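Take a look at the structure below.
Residue numbers (our numbering), protein chains in the order written: chain W, 260 to 520; chain S, 3 to 267.
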């Protein structure tokens with residue numbers, strides 16, 4: 260076994276055909292994710308962390324959507340004999356600023372994430388719908404609902420990851436039905452519920468560490484205002500983003516501004 | 003002297019120098035007043051209406067600015083004895099069962115974060131940078147001045163605010179016209195952050211603004227079981243801001259029609 264390091268891991272998968280509606284991994288749609296990988300590689304180099312990019316599916320996307328598969332990370336790392344301290348999952352549509360402080364030092368060893376600021380119509384519907392169909396009407400504080408595009412955990416959370424997979428396997432058909440019927444995300448909302456129901460001790464970081472839905476906040480603009488006061492940019496929720504064209508535009512522009520000055 | 007109470011202060015002054023129809027009328031203030039009166043009575047606090055700014059020229063010295071100049075003197079002149087003070091815009095309505103936020107302050111300067119339109123915030127902070135000697139302001143700590151809780155120990159902050167505003171009056175008036183990013187909020191943010199005082203941030207439901215931007219004006223249209231709009235269901239204090247002010251009267255009226263029965267004793 261190598262010495263323990265903090266790990267950043269992400270998926271960068273290209274799928275040539277998919278039965279999933281709007282699959283963002285299909286064809287050229289995932290092209291801009293190379294900017295994400297490159298930015299995280301540089302951040303890892305600066306912060307003595309190791310980047311682990313998963314470029315092959317563990318299970319067919321139709322059997323288990325990619326976002327659920329991240330909860331196999333503990334098994335994957337162990338199978339690859341990679342010793343770890345903390346693990347940060349990041350979505351491949353993020354770009355990190357090279358000067359971003361070391362977020363691993365902010366976790367206090369807790370499950371760590373950032374509240375999902377964005378469309379609360381989407382968030383609250385998703386919460387209420389999953390609450391009704393899977394969690395017997397249970398609700399938690401909506402302002403603690405987190406965006407699953409960035410989460411940090413450690414060995415203490417291995418059992419939790421197993422419970423998430425178990426939850427998926429126990430409810431697979433219904434999860435797929437609810438996802439198709441309501442379009443309220445895949446893994447994000449159920450895992451939000453499980454965090455609370457399993458009493459996982461968590462820490463919320465401020466918005467600057469997972470800046471989702473930037474267009475809504477009027478900061479996704481040509482002067483790249485978001486790079487002046489934030490650290491991790493999440494290119495989600497972009498309107499009129501046919502075939503991820505705008506994701507590609509903004510990720511390329513941001514990467515070049517930060518790393519190819 | 004009256005017994006010591008926590009007080010809620012709502013500025014309710016209709017400026018003489020503005021056309022009354024600019025903001026679609028002022029009836030909305032009454033809904034706010036009724037709701038806050040109910041909430042104060044329920045929680046044992048006192049509602050005070052700030053209705054007399056000390057400077058008559060409300061064009062040069064906006065109500066939003068003067069309230070910070072005046073607040074302590076205004077209360078003293080009325081012989082109001084107080085513990086904590088919450089100054090809240092009249093464009094707000096508290097939910098009938100809003101928890102008592104005075105219990106959440108730990109006697110600190112308490113506010114809600116402003117992060118709805120971060121583009122606006124960024125431009126405001128950049129716009130006022132010069133007048134604050136290029137201070138490196140942390141935008142992630144920017145707060146909204148529509149709802150601020152404080153106590154006597156914070157008087158020096160407001161004194162500093164007034165002193166700075168008066169000293170650089172012409173610059174501030176010019177910035178209000180050129181930067182066009184509010185009046186008092188950004189200068190107050192600079193003063194507070196530069197002072198280094200401990201700031202307490204309330205959870206989001208206590209300052210729910212930009213309801214349209216947050217997509218909270220509707221209910222869960224998929225389950226179709228409860229027609230209550232999300233902001234009413236999940237917010238504690240609703241701020242009717244962040245949209246064309248001419249529609250404020252109508253939206254607050256519609257909201258009040260939905261909830262007024264909850265405030266009838």
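Just so it is clear, CB atoms sit at the ideal spot from N, CA and C, and this is done for glycine as well.
Because the structure is a prediction, the values reported are computed rather than measured.
Does the beta-carbon distance from residue i to residue j come in below 8 Å?
{"i": "residue 491/W", "j": "residue 474/W", "result": "no"}
{"i": "residue 357/W", "j": "residue 305/W", "result": "yes"}
{"i": "residue 352/W", "j": "residue 493/W", "result": "yes"}
{"i": "residue 127/S", "j": "residue 144/S", "result": "yes"}
{"i": "residue 1/S", "j": "residue 484/W", "result": "In the structure as shown, chain S starts at 3 and stops at 267, and residue 1/S therefore has no counterpart that could be examined."}
{"i": "residue 254/S", "j": "residue 30/S", "result": "yes"}
{"i": "residue 215/S", "j": "residue 118/S", "result": "yes"}
{"i": "residue 88/S", "j": "residue 149/S", "result": "yes"}
{"i": "residue 267/W", "j": "residue 365/W", "result": "no"}
{"i": "residue 462/W", "j": "residue 291/W", "result": "no"}
{"i": "residue 232/S", "j": "residue 244/S", "result": "no"}
{"i": "residue 298/W", "j": "residue 514/W", "result": "yes"}
{"i": "residue 370/W", "j": "residue 454/W", "result": "yes"}
{"i": "residue 199/S", "j": "residue 111/S", "result": "yes"}
{"i": "residue 72/S", "j": "residue 56/S", "result": "yes"}
{"i": "residue 70/S", "j": "residue 160/S", "result": "yes"}
{"i": "residue 120/S", "j": "residue 477/W", "result": "yes"}
{"i": "residue 239/S", "j": "residue 96/S", "result": "yes"}
{"i": "residue 457/W", "j": "residue 488/W", "result": "no"}
{"i": "residue 211/S", "j": "residue 186/S", "result": "no"}
{"i": "residue 52/S", "j": "residue 10/S", "result": "no"}
{"i": "residue 354/W", "j": "residue 295/W", "result": "yes"}
{"i": "residue 107/S", "j": "residue 86/S", "result": "yes"}
In the DSSP output, what is residue i paired with across the bridge?
{"i": "residue 345/W", "result": "413/W"}
{"i": "residue 264/W", "result": "343/W"}
{"i": "residue 309/W", "result": "266/W"}
{"i": "residue 10/S", "result": "49/S, 88/S"}
{"i": "residue 240/S", "result": "95/S, 210/S"}
{"i": "residue 355/W", "result": "491/W"}
{"i": "residue 461/W", "result": "370/W"}
{"i": "residue 470/W", "result": "492/W"}
Subject >> Contact set between the segment 376-396 of chain W and chain S, restricted to residues whose Cβ is under 8 Å from the partner >> reply: Result list: 376, 378, 379, 380, 381, 383, 384, 387, 388, 391.
**OP:** State whether the segment 420-430 of chain W contacts the segment 368-377 of chain W, with contact taken as three or more CB pairs (one from each stretch) at a distance under 8 Å.
**Re:** The answer is no - the segment 368-377 of chain W does not touch the segment 420-430 of chain W, with fewer than three Cβ pairs under 8 Å.
Original post:
Which parts of the segment 166-238 of chain S are runs of the alpha helix (DSSP H), unbroken and 4 residues or longer, counting only runs that do not cross its ends?
Top reply: List check, alpha helix (DSSP H) in window: 171-180, 187-197, 232-236.
**OP:** For the segment 190-204 of chain S and the segment 101-111 of chain S, state whether three or more C-beta atom pairs, one from each stretch, are separated by less than 8 Å.
**Re:** Taking 8 Å as the limit for Cβ pairs, the verdict is that the segment 101-111 of chain S does touch the segment 190-204 of chain S.
Original post:
Which residues, in order along the segment 318-342 of chain W, keep a beta-carbon less than 9 Å from a beta-carbon of chain S?
Top reply: Cβ contacts with chain S: none found.
Original post:
What residues in the segment 132-146 of chain S bring their beta carbon closer than 7 Å to a beta carbon of chain W?
Top reply: Hits within the stretch, in order: 141, 142.
Original post:
If you measure beta-carbon to beta-carbon, which residues of the segment 188-219 of chain S are closer than 7 Å to chain W?
Top reply: Answer in chain order: 205, 206, 207, 215, 216, 217, 218.
**OP:** Select from the segment 456-474 of chain W all residues with a C-beta closer than 7 Å to any C-beta belonging to chain S, and list them in chain order.
**Re:** Only those residues of the segment 456-474 of chain W whose C-beta falls short of 7 Å from the nearest C-beta of chain S are listed: 465, 466, 467.
**OP:** With 7 Å as the C-beta to C-beta threshold (strictly closer), list the residues of the segment 231-254 of chain S near chain W in chain order.
**Re:** Listed by position, the residues of the segment 231-254 of chain S near chain W (Cβ gap below 7 Å) are 232, 236.
**OP:** Give, in chain order, every unbroken run of the beta strand (DSSP E) that is at least 3 residues long and sits entirely within the segment 77-159 of chain S.
**Re:** Unbroken beta strand (DSSP E) runs of no fewer than 3 residues, entirely contained in the segment 77-159 of chain S, are found at 84-90, 94-96, 111-115, 145-153, following chain order.
Original post:
In chain order, what residues of the segment 91-119 of chain S put their CB closer than 8 Å to some CB of chain W?
Top reply: Along the segment 91-119 of chain S, the positions whose C-beta sits under 8 Å from a C-beta of chain W are 117, 118, 119, read in chain order.
**OP:** For the segment 313-324 of chain W and the segment 392-407 of chain W, state whether three or more C-beta atom pairs, one from each stretch, are separated by less than 8 Å.
**Re:** Per the Cβ contact rule, the segment 313-324 of chain W is not in contact with the segment 392-407 of chain W (fewer than 3 Cβ pairs under 8 Å).
**OP:** Would you check if there are 3 or more beta carbon pairs closer than 8 Å linking the segment 326-344 of chain W to the segment 76-88 of chain S?
**Re:** Under the three-pair Cβ rule at 8 Å, the segment 326-344 of chain W does not count as touching the segment 76-88 of chain S.
**OP:** Can you give me, in chain order, the residues of the segment 394-421 of chain W that have a beta carbon less than 7 Å from any beta carbon in chain S?
**Re:** Residues of the segment 394-421 of chain W with a C-beta atom less than 7 Å from some C-beta of chain S are 401, 402, listed in chain order.
Original post:
Unbroken beta strand (DSSP E) runs of length 3 or more, entirely within the segment 19-59 of chain S: which are they?
Top reply: Those beta strand (DSSP E) runs which fall completely within the segment 19-59 of chain S and span 3+ residues are 48-52.
Subject >> Complete runs of the beta strand (DSSP E) confined to the segment 368-410 of chain W [at least 3 residues] >> reply: Segments of the beta strand (DSSP E) lying fully in the segment 368-410 of chain W: 370-374.
**OP:** Assess, as a yes-or-no matter, whether the segment 381-396 of chain W is touched by the segment 439-455 of chain W under the definition of 3 or more beta carbon pairs within less than 8 Å.
**Re:** Yes, the segment 439-455 of chain W touches the segment 381-396 of chain W.
Original post:
Which residues, in chain order, does the segment 427-439 of chain W contribute to contact with chain S at a C-beta distance below 7 Å?
Top reply: Contacts with chain S (Cβ-Cβ distance below 7 Å) from the segment 427-439 of chain W involve no residue at all.
Original post:
Taking any Cβ of chain W, which residues in the segment 161-189 of chain S have a Cβ under 8 Å from it, in chain order?
Top reply: Under the 8 Å Cβ criterion, the segment 161-189 of chain S contributes no residue.
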